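Asker: In this text, residue positions in the sequence shown follow the working numbering: the first is 335, and each later residue adds one.
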Amino acid sequence: MITRRLSLTVGWRAAVGSWIGAALIAGCSAGGGGDVPMPAEIIGFAPGEDYKLANYGGIKAYFEALAASTDRMALERIGESTRGEPLYLAAISSPSNLRRLGRIKEITRTLAYARDPEAGYGSVLAEEEARALAREGVAIVWIDGGLHATEVAHGQLMPEMAHHFVTDESPETRRVRDNAVVLLMPNMNPDGLNIVADWYMSNVGGEFEMARVPELYHHYVGHDNNRDWYMLTQVETQAVTRQLYHNWFPQIVYNQHQSSPFPGRIWMPPFENPVSPHLDPLVVSSLNQMGHSMRRRFDEEGKPGVNSGIVFDLWWNGSMRGGPDYHNMLGFLTETAGAGYATPRCYDEDEIPDTFGARAGNLPAKTPSTNYNNPWLGGCWHLRDAMDYMMTAAKAVADMGAKLKEEYLFNHYRMGRRQIERGNAAEGGPFAYVLDPRASHDPGAVVEFMDLMSQSGIEFLRASEPFPVAGPEGDLAFPAGSYVIPPQAFRPYVVDLMEPKEYPDRRQYPGGPPEPPYDMTGYELRFQMGLEAVNVYEPFDMPAGEWGEASTDIGEVRGEGAAGFAVHGNANAIYRALSAPDRLRTVHTLATPNGDIPAGSYWLPDLSADEARALAADHGLTLTGVSSPPAPGAAVEELEKAVIEDTA
Ligand SMILES: [Zn+2]
């Protein structure tokens with residue numbers, strides 16, 4: 335049996351000091367002064383110049399050198415990219431804060447879950463204690479260098495941004511270091527940065543300077559690496575998710591992109607409608623406040639072209655910035671105007687349209703409005719301009735985190751407590767979801783779903799005893815091994831992935847065509863994964879069991895396998911199970927039943943009993959011994975092993 339328990343604990347169980355003992359590269363020299371390298375000293379040029387892009391080799395070398403030169407930044411390797419690059423996360427703060435990171439994280443975790451860490455599940459942290467923790471703690475402000483590799487500016491900016499937050503001695507930046515930990519992730523898709531930067535630098539000045547990169551900039555999922563944030567299929571997504579929901583619990587998650595609606599120069603919150611009914615309203619108002627505060631800084635600095643309230647909505651959960659909103663964090667993005675890699679582009683005034691177009695509600699583009707109060711009327715746009723805009727935005731975000739750190743920390747608790755109370759009252763969803771794996775079409779899908787919940791920091795219980803709950807038509811009995819997802823702080827995330835969506839009927843004008851949604855409008859994993867989940871509205875006492883564990887202990891081997899074993903065709907886990915090189919096997923699909931084994935099952939004729947038991951234990955599969963080979967014609971063509979490999 336493999337119990338998919340993550341190395342970091344879920345929920346209220348404190349993981350004090352998980353930083354300590356991690357692969358930590360931290361400097362020990364003092365201050366942020368003269369010995370701290372400038373980006374150009376390490377990279378060879380200052381990113382931001384026209385016609386030049388640094389690849390990840392230079393960016394990571396800079397972060398390593400910076401960490402070694404200062405006691406204001408700690409650099410942690412949080413994982414590895416698909417192609418083997420280190421995924422780094424830098425924590426910038428005052429040296430005294432960096433020395434107490436264990437305590438700082440304990441505070442953010444406790445407030446995020448709104449649990450009493452001593453009493454655990456079922457408890458609610460008292461308000462006075464939450465206020466004391468909010469005073470003691472500091473804000474965690476996440477700012478990343480993006481994941482869409484052709485959107486180059488933020489990735490190029492991250493060394494400069496790190497240098498700024500480490501070395502700047504203005505009262506504002508000192509306050510940031512004293513009252514916040516600024517988490518800078520240099521790049522969430524370093525493979526893509528290498529692909530794009532290397533392509534551009536080998537073509538700049540030539541025929542293909544502005545051509546699209548002729549390969550996906552994420553090896554498996556390309557641009558949809560930002561559509562992976564609840565299925566967590568990619569190693570980069572998994573690594574960042576661990577940091578968000580198991581390690582840091584940031585109050586602010588700022589994700590950078592570079593596709594501003596034209597002719598705007600940077601898009602920022604407030605978001606477009608609709609708003610998911612599952613979000614805590616305080617998330618929405620706090621995002622609005624953040625956006626307005628950012629915009630004000632642009633106006634102070636005289637940077638035109640800030641647009642808001644169009645295109646990007648608060649409905650969808652699957653993006654890097656969306657998932658945090660459903661964890662009561664302020665997850666948001668900016669979309670700064672791009673040029674084309676590092677090649678500048680100039681716009682004449684007559685190239686500026688009158689409006690942002692139908693998808694943006696025809697927001698006027700040449701006259702001021704609340705969503706676009708300082709129109710950008712054309713001119714040249716360089717990589718450097720985009721980076722300057724991003725720097726303004728990042729400073730505004732960090733400043734807000736530092737100034738309002740106590741509010742942000744306490745509000746994380748306030749929202750978590752409110753969501754627990756809403757769950758206890760079965761408001762906007764059931765009291766609990768109960769899932770018996772064996773009741774589902776594919777029991778392994780339940781294990782996979784619970785594993786996703788575990789990675790996303792969701793509290794759940796795997797019952798070790800049978801238990802009854804009150805159903806709409808009398809008591810229901812669930813066996814040991816069933817999962818319970820009870821009321822909790824991150825309930826919006828669970829409800830949003832379980833309940834059917836009713837996307838509002840929004841029209842461009844009365845009787846007109848529908849307004850296109852920003853992205854997917856329905857993504858209920860209960861349906862997409864075929865989960866048999868029961869909504870329970872009457873509160874009940876939690877049965878005995880283990881918290882936060884998704885277990886594959888549902889597999890079994892039935893009968894002898896004189897002619898190998900068969901696996902039911904509904905078992906998706908078979909693909910992953912057979913993808914390991916040492917487990918590649920000849921696989922047939924049965925066109926007709928073989929005894930009790932239904933048609934459509936996979937038949938593995940050369941699988942030994944020991945191997946069958948290992949597959950059952952590791953992947954939760956049920957294998958049935960095949961006593962004699964299927965009659966000729968009953969087994970269809972052998973599946974290509976390569977297909978099995980690619981599907982994993
Ligand atoms: Zn993007």
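C-beta atoms are modelled at their ideal positions from N, C-alpha and C, and glycine is treated no differently.
Here the structure is a predicted model, which is why all the values come from computation and not from measurement.
Does ligand 1 have even one heavy atom less than 7 Å from the beta-carbon of S594?
Answerer: Locating residue 594 in the sequence shown gives position 260, counting from the first residue. It does not: the Cβ of S594 is nowhere closer than 7 Å to a heavy atom of ligand 1.
Asker: Quick check: is any heavy atom of ligand 1 less than 7 Å from the C-beta of E419?
Answerer: Translated into positions along the sequence shown, residue 419 becomes position 85. The answer is no for E419.
Asker: Are the beta-carbon atoms of A797 and S816 separated by less than 8 Å?
Answerer: One-based indexing of the sequence shown puts residue 797 at position 463. One-based indexing of the sequence shown puts residue 816 at position 482. Yes, these two residues count as a Cβ contact at 8 Å.
Asker: Determine the closest residue to P548 out of P520, A483, P505 and H612, with distance taken between C-alpha atoms.
Answerer: Residue numbering aside, residue 548 sits at position 214 when the sequence shown is read from its first letter. The candidate whose alpha carbon is nearest that of P548 is A483.
Asker: Please name the residue or residues paired with G808 in a DSSP beta bridge.
Answerer: The residue given as residue 808 occupies position 474 in the sequence shown. Answer is G805.
Asker: Say the cut is 7 Å; is the CB of H953 nearer than that to a heavy atom of ligand 1?
Answerer: If you number the sequence shown from 1, residue 953 lands on position 619. No.
Asker: Work out the CA separation of V569 and G391 for me, nearest whole Å.
Answerer: In the sequence shown, residue 391 corresponds to position 57, counting from 1. In the sequence shown, residue 569 corresponds to position 235, counting from 1. When rounded, the distance between both Cα atoms is 20 Å.
Asker: With a threshold of 8 Å on Cβ separation, who are the neighbours of A911 within its own chain once the five nearest residues in sequence on each side are excluded?
Answerer: Taking the first residue of the sequence shown as position 1, residue 911 is located at position 577. Result list for A911: R917, L949, D952, H953 and L955, in chain order.
Asker: Shorter than 7 Å, the distance from the beta carbon of H488 to the closest heavy atom of ligand 1, or not?
Answerer: Here residue 488 is taken as the residue at index 154 of the sequence shown, counted from 1. No, Cβ of H488 sits at least 7 Å from all heavy atoms of ligand 1.
Asker: For H591, is the beta carbon positioned less than 7 Å from some heavy atom of ligand 1?
Answerer: Here residue 591 refers to the residue found at position 257 when the sequence shown is read from its first residue. The answer is yes for H591.
Asker: Quick check: the stretch 762-769 against the stretch 702-709, are there 3 or more CB pairs under 8 Å?
Answerer: In short, these stretches do not touch, since the Cβ pair count stays below three.
Asker: Please classify F379 as buried or exposed, where buried requires at least 16 other C-beta atoms within 10 Å of its C-beta.
Answerer: As a position in the sequence shown, residue 379 is number 45, starting the count at 1. Classification of F379: exposed, given that the 10 Å Cβ count is below 16.
Asker: I need the DSSP call for P963, collapsed to helix, strand or coil.
Answerer: What you label residue 963 is simply residue 629 of the sequence shown in a count that begins at 1. The answer is coil: DSSP assigns P963 none of H, G, I, E or B.
Asker: Taking 7 Å as the cut-off, does the CB of N560 come closer than this to any heavy atom belonging to ligand 1?
Answerer: The count along the sequence shown starts at 1 and reaches residue 560 at position 226. It does: the Cβ of N560 is within 7 Å (strictly closer) of some heavy atom of ligand 1.
Asker: Within 10 angstroms of the Cβ of E462, are there 16 or more other Cβ atoms? Answer buried if so, exposed if not.
Answerer: Locating residue 462 in the sequence shown gives position 128, where the first residue counts as 1. It counts as exposed.
Asker: Thinking just about the alpha-carbon of each residue, which of G959, A408, I819 and V901 is nearest to the one in V868?
Answerer: For the purposes of this step, residue 868 is taken as residue 534 along the sequence shown, with counting starting at 1. Nearest C-alpha to V868: I819.
Asker: In whole angstroms, give me the CA-to-CA distance for E398 and I754.
Answerer: Looking up residue 398 in the sequence shown gives position 64. Looking up residue 754 in the sequence shown gives position 420. C-alpha separation (whole angstroms): 42 Å.
Asker: Straight-line CA distance for A561 to G893?
Answerer: Locating residue 561 in the sequence shown gives position 227, counting from the first residue. Locating residue 893 in the sequence shown gives position 559, counting from the first residue. Checking the sequence, you will find Arg at residue 561 rather than Ala. The alpha-carbon atoms of R561 and G893 are separated by roughly 42 Å.
Asker: Between which two residues does the beta strand (DSSP E) harbouring A408 extend?
Answerer: Mapped onto the sequence shown, residue 408 falls at position 74. Taken as a continuous stretch (DSSP letters only), the beta strand (DSSP E) holding A408 covers M407 to E414.
Asker: I'd like to check one pair, Q592 with A728: are the Cβ atoms closer than 8 Å?
Answerer: Counted from its first residue, the sequence shown places residue 728 at position 394. Counted from its first residue, the sequence shown places residue 592 at position 258. No.
Asker: Just checking H552 against ligand 1 - is the residue's beta carbon closer than 7 Å to any of the ligand's heavy atoms?
Answerer: Counting from one through the sequence shown, the residue named residue 552 turns up at place 218. No, the beta carbon of H552 sits no closer than 7 Å to any heavy atom of ligand 1.
Asker: For ligand 1, is there a heavy atom less than 7 Å away from the beta-carbon of E570?
Answerer: Position 236 of the sequence shown, counted from the start, is the residue given in the question as residue 570. For ligand 1, not one heavy atom lies less than 7 Å from the Cβ of E570.
Asker: Can you give me the Cβ contacts of G355 inside the same chain, cut-off strictly under 7 Å, excluding the 5 residues immediately before and after it?
Answerer: If you number the sequence shown from 1, residue 355 lands on position 21. Because G355 carries a pLDDT of 29, less than 50, the predicted location of this residue cannot be relied on, and no value is offered for it.
Asker: Could you tell me how far apart the beta carbons of F744 and A460 are, in whole angstroms, since I believe they sit closer than 8 Å?
Answerer: Here residue 744 refers to the residue found at position 410 of the sequence shown. Here residue 460 refers to the residue found at position 126 of the sequence shown. About 13 Å; that fails the 8 Å criterion.
Asker: Could you check whether the Cβ of H497 sits closer than 7 Å to any heavy atom belonging to ligand 1?
Answerer: Taking the first residue of the sequence shown as 1, we reach residue 497 at position 163. No; taking the cut-off as 7 Å, the Cβ of H497 has no heavy atom of ligand 1 nearer than that.
Asker: When burial is assigned at 16 or more other CB atoms within 10 Å of the CB, is A357 buried or exposed?
Answerer: Within the sequence shown, residue 357 is the residue found at index 23, counting from 1. A caution first: A357 carries a pLDDT of 36, below 50, which makes its placement in the model too unreliable to give a value.
Asker: Measure the C-alpha to C-alpha separation of D532 and D525 and round it to an integer number of angstroms.
Answerer: For this step, residue 532 is matched to residue 198 along the sequence shown. For this step, residue 525 is matched to residue 191 along the sequence shown. Roughly 11 Å separates the two Cα atoms.
Asker: Just confirm the distance between the C-beta atoms of N523 and N581, as a whole number of angstroms; I'd bet it's less than 8 Å.
Answerer: Position 189 of the sequence shown, counting from 1, holds the residue named residue 523. Position 247 of the sequence shown, counting from 1, holds the residue named residue 581. Actually they are not in contact, since the Cβ atoms of N523 and N581 sit about 20 Å apart, beyond 8 Å.
Asker: Does DSSP put A424 in a helix, in a strand, or in coil?
Answerer: Mapped onto the sequence shown, residue 424 falls at position 90. Note: A424 maps to strand in three-state DSSP.
Asker: Considering only their Cβ atoms, is the gap separating L517 from A573 smaller than 8 Å?
Answerer: For the purposes of this step, residue 573 is identified with residue 239 of the sequence shown, where counting begins at 1. For the purposes of this step, residue 517 is identified with residue 183 of the sequence shown, where counting begins at 1. Contact: no.
Asker: Within the same chain, show all residues whose beta-carbon is closer than 7 Å to that of A965, passing over the 5 residues directly before and after it, in chain order.
Answerer: Position 631 of the sequence shown, counted from the first residue, corresponds to residue 965. None.
Asker: Looking only at C-alpha atoms, which of Y675, M628, A823 and L409 sits nearest to V500?
Answerer: Position 166 of the sequence shown, counting from 1, holds the residue named residue 500. Selected option, being the one with the closest Cα: L409.
Asker: Roughly how many angstroms lie between the CA atoms of A464 and L445, to the nearest whole one?
Answerer: Here the question's residue 464 lines up with position 130 in the sequence shown. Here the question's residue 445 lines up with position 111 in the sequence shown. Computed Cα separation, rounded: 7 Å.
Asker: With DSSP collapsed to three states, give me the class of V977.
Answerer: Here residue 977 corresponds to residue number 643 of the sequence shown, with the count starting at 1. Caution is warranted here: a pLDDT of 40 is assigned to V977, below 50, making its placement in the model unreliable, and no coordinate value can be reported.
Asker: Can you tell me where the alpha helix (DSSP H) with P524 in it begins and where it stops?
Answerer: As a working note, residue 524 is residue 190 in the sequence shown. Here the alpha helix (DSSP H) through P524 covers P524 to N537.
Asker: Helix, strand or coil: how does DSSP classify L621 here?
Answerer: The sequence position of residue 621 within the sequence shown is 287, counting from 1. Helix, per DSSP.
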